[in-house]
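To start, the structure itself, in structure tokens.
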Amino acid sequence: MRRLPLAARDALTNTWLVGPATLAMLMFIFLPVLIVAVLSFTDYQFGARSFGWIGLENYEKLFGSALGRRAITNTLLYVAIVIPAAVGLGLLVALGLHRMMDWAPQLSNVLRSVYFLPVAATLVAMSVAWQMVLHPSLGVVNQTLVGLGGEPRNWLSDRSIVLYTLAVIGIWQTVGYNMVLFLAGLVAIPPELYDAAEVDGAGGNWSRFWTVTWPMLGPTTLFVLVITATNAFRVFETVATLTQGGPAFASDTLVYALYREGFVYFKAGYASAITMVFFAVLLTLTLMQFRIVERRVHYR
Amino acid sequence: MTSQAVLELRDVTRRFGASTVLDAVNVTVRDGSFTALLGASGCGKSTTLRIMAGLDRPTEGEVLLSGENVADKTAYERNIAMVFQSYALYPHLTVFQNIALPLTMRHLNAFSRVPGLGRLAPGSATARELITKKVTETADILSLADLLHRKPNSLSGGQKQRVALGRALVRDPVMFLLDEPLSNLDARLRVKMRSELVSLHKRTDRPFVYVTHDQVEAMAMADQIIVMIKGKVAQAGSPRDLYDRPADKEVAAFIGTNSINFFEPDDGLGQMNGYPVNALIGIRPEHLAPAAGGHFGARLETAEFLGSETVLGLRTERGKEILAIAPGDYPVPAPGSEVRLGVSPERLHLFDRQSGKRLNAEHAR
Chain A
516 MRRLPLAARD ALTNTWLVGP ATLAMLMFIF LPVLIVAVLS FTDYQFGARS
566 FGWIGLENYE KLFGSALGRR AITNTLLYVA IVIPAAVGLG LLVALGLHRM
616 MDWAPQLSNV LRSVYFLPVA ATLVAMSVAW QMVLHPSLGV VNQTLVGLGG
666 EPRNWLSDRS IVLYTLAVIG IWQTVGYNMV LFLAGLVAIP PELYDAAEVD
716 GAGGNWSRFW TVTWPMLGPT TLFVLVITAT NAFRVFETVA TLTQGGPAFA
766 SDTLVYALYR EGFVYFKAGY ASAITMVFFA VLLTLTLMQF RIVERRVHYR
Chain B
-3 MTSQAVLELR DVTRRFGAST VLDAVNVTVR DGSFTALLGA SGCGKSTTLR
47 IMAGLDRPTE GEVLLSGENV ADKTAYERNI AMVFQSYALY PHLTVFQNIA
97 LPLTMRHLNA FSRVPGLGRL APGSATAREL ITKKVTETAD ILSLADLLHR
147 KPNSLSGGQK QRVALGRALV RDPVMFLLDE PLSNLDARLR VKMRSELVSL
197 HKRTDRPFVY VTHDQVEAMA MADQIIVMIK GKVAQAGSPR DLYDRPADKE
247 VAAFIGTNSI NFFEPDDGLG QMNGYPVNAL IGIRPEHLAP AAGGHFGARL
297 ETAEFLGSET VLGLRTERGK EILAIAPGDY PVPAPGSEVR LGVSPERLHL
347 FDRQSGKRLN AEHAR
């Protein structure tokens, strides 16, 4: 039997190794995205036998209707609160626990696990706990408020505060994860840099942080920012379990609206349009990470 | 040496938990000197340097800077510059900003250091001018002028090394501490930087303390070498002292390019006239040369021709392996043939067999 030339054999091996994965990616990622993109220009409903082309009508509905805009602004507001708070608190907790490693390593480890618990726990289950905590009359929060002489509030059914309540729960859930990422970043900072900073006169807490810690955490911070942002944009579980977007759509968010339109009202066309918008936001975020910011934080 | 002591360590001991890293170390660094702390890894030389710098505190003992106890002074307050083995440059700052950092910390307050906004702070313009002037001068000395706007990650090892030196140089410190500064450079560059460091030392006229595990570096640059072994100062002295009169057999083994030959009394040198039976005899390979009427014979096993010299590996009749160095033009006999080796008596080192301490020839006789 004649053997194939080396180049052909290499090409065959490459096809063997890369082919299945590529095929799976095309089938399970690109194809569905394509279908969703196509559906977003139709009035298709789940189960229907036919659909009509309606052009950009779905997008007009999302950006034009009060309800659609509500979902978008709510999501943006939620993200605008959760990102800085979750990243800032995560960094703060990580700095504190990292320092504590020097004088109370065991306590530091215990606290680390405590902060990480919300990440490990199922959010749906934790929502039940939050419902108890925030219960208007029996909840710990209101009882404490009353005990301190404050006014009890309807945390989950007051239109003006429900979104902030959800944001706080979102922060509570994200801080632990961000903390773990920041801790890993802190451990990776070469100790000689701190020595150099001390010799150079930047040994005080404040100047140490700005001269060494913060710049060296640049890549970590960027990663944490992107992760937190994508998670915040995807907010769903708390909305679905605690408020169902209510009261009066005061806590309606993009993904919850997507779920409602697609899986409750079976408006597949409209849901696809929401998905495409959502997809575009996440894609922009990711591209921003790779193109703009990454070059600046790796100091090349 | 009559010059004044700039820095003194008095009975400095440092323990980490149960392990004693430094054990009652005494070191004196005099004005204008170039001191090398020489030792194998883990001997405590880097800890000694960190204690000098103020990055670490002794468990016991005193650190005196110009006669004053500096126990409660930070590294910065001592105004000692340090160059780190890994260079420890700030990767987010340009070369200019890296070199300028000690000055910006000194001359600008927190508000003036804020990028952009800080320029509005009163008095910061003159301070900035001064900083720019000093950094430019320093960069010229180290021929870094073309690199001032680059980031450290785009520099070669040698260039990073210069930036680290620049950062130390710019602040005009009372002394320089260098922690194995050349160990990350390739061999050729290392030799070049060696002479640059020496000329930098002459130029600044400040004491240098140089940590290294490479005895060649120490011998080439220093006027005082402190050999540290297992957390103790084994010997301190000039390179010639250490080479000619090592205080014990470990120092003798550490100093010298070719490792010294040790002969136990029953290794076949016992018949050498006039020498005691119970001393350990050390002979450096460069003092052991083929000679027609030599003191003893050994069989040739290997010969490495290095141009200016030939390193001979031999074995005595008792099976002891030894090294000897012959001149480059020595006609190497066939392997296995007997070579007579000669040594001049004043080149012998005698050590106590139990303690390893040096014995004076007169004592041992």
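Residue numbers (this note's numbering), protein chains in the order written: chain A, 516 to 815; chain B, -3 to 361. All C-beta atoms, glycine included, are put in the ideal place defined by N, C-alpha and C.
Item checked: Limits of the unbroken beta strand (DSSP E) element including E56(B) -> Numbered from 1 along the second sequence, position 60 holds the residue referred to as residue 56(B). Taken as a continuous stretch (DSSP letters only), the beta strand (DSSP E) holding E56(B) covers 56 to 61.
Checklist line | Delimiting residues of the alpha helix (DSSP H) encompassing I684(A) | finding: Translated into the one-based positions of the first sequence, residue 684(A) becomes position 169. 677 to 702 is the span of the alpha helix (DSSP H), which, as asked, contains I684(A).
Checklist line | According to DSSP, residues forming a beta bridge with Q231(B) | finding: Taking the second sequence and counting its residues from 1, one reaches residue 231(B) at position 235. For Q231(B), DSSP records a beta bridge to V223(B).
Check: Exposed or buried, which one is D175(B) when buried takes at least 16 other CB atoms within 10 Å?
Finding: Here residue 175(B) corresponds to residue number 179 of the second sequence, with the count starting at 1. With 16 or more Cβ atoms within 10 Å of its Cβ, D175(B) is classed as buried.
Note to self: To the nearest angstrom, how far is the alpha carbon of L144(B) from that of L33(B)?
What the structure shows: Within the second sequence, residue 144(B) is the residue found at index 148, counting from 1. Within the second sequence, residue 33(B) is the residue found at index 37, counting from 1. For L144(B) and L33(B), the distance between alpha carbons rounds to 32 Å.
Check: Where does L140(B) sit, in a helix, a strand or coil, going by DSSP?
Finding: The residue labelled residue 140(B) in the question sits at position 144 within the second sequence. Note: L140(B) maps to coil in three-state DSSP.
Next item on the list: Give a yes or no on whether the minimum CB-CB distance between Y814(A) and chain B is below 8 Å.
Entry: Counting from 1 along the first sequence, the entry for residue 814(A) is found at position 299. Yes, Y814(A) lies at the interface with chain B (some Cβ there is under 8 Å from its Cβ).
Notebook entry, point to check: Anyone know if the C-beta pair for L337(B) and F301(B) falls short of 8 Å?
Noted result: As a first step, residue 337(B) is located in the second sequence; it is residue number 341 there, counting from the start. As a first step, residue 301(B) is located in the second sequence; it is residue number 305 there, counting from the start. It is not a contact, given that the beta carbons lie outside the stated cut-off.
Checklist line | Terminal residues of the alpha helix (DSSP H) in which M540(A) lies | finding: Numbered from 1 along the first sequence, position 25 holds the residue referred to as residue 540(A). From DSSP, the alpha helix (DSSP H) with M540(A) extends over 521 to 540.
Checklist line | Cα-Cα separation, A287(B) to G324(B) | finding: Reading the second sequence from its first residue, position 291 is the one you call residue 287(B). Reading the second sequence from its first residue, position 328 is the one you call residue 324(B). Distance between the alpha carbons of A287(B) and G324(B): 15 Å.
Check: Does the beta carbon of G153(B) come closer than 8 Å to any beta carbon on chain A?
Finding: As a first step, residue 153(B) must be located in the second sequence, where it is residue number 157. No, its Cβ sits nowhere closer than 8 Å to a Cβ of chain A.
Margin query: Please classify T590(A) as buried or exposed, where buried requires at least 16 other C-beta atoms within 10 Å of its C-beta.
Written below: If you number the first sequence from 1, residue 590(A) lands on position 75. By the 10 Å Cβ count, T590(A) comes out buried.
Next item on the list: Taking only runs that begin and end inside the segment 59 to 136 of chain B, name each unbroken beta strand (DSSP E) of 3 or more residues, in chain order.
Entry: Residue ranges of uninterrupted beta strand (DSSP E) with 3 or more members, entirely inside the segment 59 to 136 of chain B and ordered along the chain, are 76 to 79.
Margin query: Does W645(A) pass the burial test, meaning 16 or more other C-beta atoms within 10 Å, or should it be called exposed?
Written below: Along the first sequence, one-based indexing puts residue 645(A) at 130. In the assembly as shown, W645(A) is a buried residue. Its beta-carbon has 16 or more other beta-carbons within 10 Å.
Item checked: Limits of the alpha helix (DSSP H) - the one that H345(B) falls within -> For this step, residue 345(B) is matched to residue 349 along the second sequence. Looking at the DSSP string, H345(B) is not in any alpha helix (DSSP H); the run it does join, the beta strand (DSSP E), is 345 to 348.
Check: If you compare alpha carbons, which of T9(B), R202(B), L165(B), E64(B) is closest to T134(B)?
Finding: Working through the second sequence from its first residue, we reach residue 134(B) at position 138. Of T9(B), R202(B), L165(B), E64(B), the residue nearest in Cα terms is L165(B).
Next item on the list: Compute the beta-carbon to beta-carbon distance between V17(B) and P203(B), rounded to the nearest angstrom, for a pair I have assumed lies under 8 Å.
Entry: For this step, residue 17(B) is matched to residue 21 along the second sequence. For this step, residue 203(B) is matched to residue 207 along the second sequence. No, V17(B) and P203(B) are not in contact; Cβ-Cβ is about 24 Å, not under 8 Å.
Note to self: Closer than 8 Å is the cut-off here; do at least three beta carbon pairs connect the segment 556 to 565 of chain A with the segment 528 to 542 of chain A?
What the structure shows: The segment 556 to 565 of chain A is not in contact with the segment 528 to 542 of chain A.
Check: For V661(A), which residues from the same chain have a beta carbon less than 8 Å from its beta carbon, with the 5 sequence-adjacent residues on both sides left out?
Finding: Looking up residue 661(A) in the first sequence gives position 146. Cβ within range, chain order: P667.
Note to self: Tell me the rounded alpha-carbon separation between L193(B) and D136(B).
What the structure shows: Within the second sequence, residue 193(B) is the residue found at index 197, counting from 1. Within the second sequence, residue 136(B) is the residue found at index 140, counting from 1. Each residue's Cα considered, the two are about 15 Å apart.
Next item on the list: Going by CA-CA distance only, name the one from F738(A), N624(A), P730(A), V602(A) that's closest to L802(A).
Entry: Counting from one through the first sequence, the residue named residue 802(A) turns up at place 287. Nearest neighbour of L802(A) by Cα position, chosen from F738(A), N624(A), P730(A), V602(A), turns out to be F738(A).
Checklist line | Run of the beta strand (DSSP E) containing Y206(B), from where it starts to where it stops | finding: For the purposes of this step, residue 206(B) is identified with residue 210 of the second sequence, where counting begins at 1. Per DSSP, Y206(B) belongs to the beta strand (DSSP E) from 204 to 208.
Check: Can you list the residues of chain A that F80(B) reaches, using a CB-CB cut of under 8 Å?
Finding: As a position in the second sequence, residue 80(B) is number 84, starting the count at 1. Neighbours of F80(B) on chain A, chain order: E707, D710, A711.
Notebook entry, point to check: Would you say the segment 7 to 14 of chain B touches the segment 590 to 608 of chain A, given that touching needs at least three Cβ pairs under 8 Å?
Noted result: Contact between the segment 7 to 14 of chain B and the segment 590 to 608 of chain A is not established, with fewer than three Cβ pairs separated by less than 8 Å.
Next item on the list: Keeping to the same chain, check which residues put their C-beta closer than 6 Å to that of G4(B); ignore five residues upstream and five downstream.
Entry: As a position in the second sequence, residue 4(B) is number 8, starting the count at 1. The amino acid occupying residue 4(B) in the given sequence is Glu; Gly does not appear at that position. Excluding sequence neighbours, E4(B) sits near T24, L60.
Next item on the list: Would you verify that the beta carbon of Q804(A) is, or is not, closer than 8 Å to some beta carbon of chain B?
Entry: Counting from one through the first sequence, the residue named residue 804(A) turns up at place 289. At a cut-off of 8 Å between beta carbons, Q804(A) makes no contact with chain B.
Item checked: DSSP three-state assignment for A262(B), whether helix, strand or coil -> Position 266 of the second sequence, counting from 1, holds the residue named residue 262(B). For the sequence presented, residue 262(B) should be read as Asp rather than Ala. DSSP places D262(B) in helix when its eight states are reduced to three.
Next item on the list: Determine the contact status of G716(A) and Y83(B), defining contact as a CB-CB distance below 8 Å.
Entry: Sequence index remark: in the first sequence, residue 716(A) carries index 201 (1-based). Sequence index remark: in the second sequence, residue 83(B) carries index 87 (1-based). Taking 8 Å as the Cβ cut-off, G716(A) and Y83(B) do not qualify as a contacting pair.
Notebook entry, point to check: With which residues is F378(B) paired in a DSSP beta bridge?
Noted result: This structure leaves residue 378(B) out entirely; chain B is present only between -3 and 361.
Notebook entry, point to check: When the cut-off is 8 Å and only beta carbons count, does G700(A) lie next to chain B?
Noted result: Here the question's residue 700(A) lines up with position 185 in the first sequence. At a cut-off of 8 Å between beta carbons, G700(A) makes no contact with chain B.
Item checked: Residues bridged to A15(B) (per DSSP) -> Translated into positions along the second sequence, residue 15(B) becomes position 19. In the sequence on display, residue 15(B) carries Ser and not Ala. F12(B).
Check: Between the segment 534 to 567 of chain A and chain B, which residues of the former have CB atoms less than 9 Å from a CB of the latter, in chain order?
Finding: Identification of residues in the segment 534 to 567 of chain A having a C-beta nearer than 9 Å to some C-beta of chain B yields an empty set.
Checklist line | Contact belief for P235(B) with V79(B) at Cβ below 8 Å, rounded distance in angstroms | finding: Here residue 235(B) refers to the residue found at position 239 of the second sequence. Here residue 79(B) refers to the residue found at position 83 of the second sequence. Going by Cβ atoms, the distance from P235(B) to V79(B) rounds to 22 Å, so no, they are not a contact pair.
Next item on the list: Evaluate A772(A) with the Cβ neighbour count: other Cβ atoms within 10 Å of its Cβ, from every protein chain shown; 16 or more gives buried, anything less gives exposed.
Entry: Taking the first sequence and counting its residues from 1, the one referred to as residue 772(A) is at position 257. A772(A) comes out buried.
Next item on the list: Please work out which residues of its chain come closer than 7 Å, Cβ to Cβ, to V695(A), disregarding the five sequence neighbours upstream and downstream, and give them in chain order.
Entry: Indexing the first sequence from 1 puts residue 695(A) at position 180. For V695(A), where only same-chain residues beyond five positions count, the Cβ hits under 7 Å are F631.
Next item on the list: Could you check if E125(B) is buried or exposed, using at least 16 other CB atoms within 10 Å of its CB as the buried criterion?
Entry: Within the second sequence, numbered from 1, the residue matching residue 125(B) stands at position 129. Counting Cβ neighbours within 10 Å, E125(B) comes out exposed, since fewer than 16 surround it.
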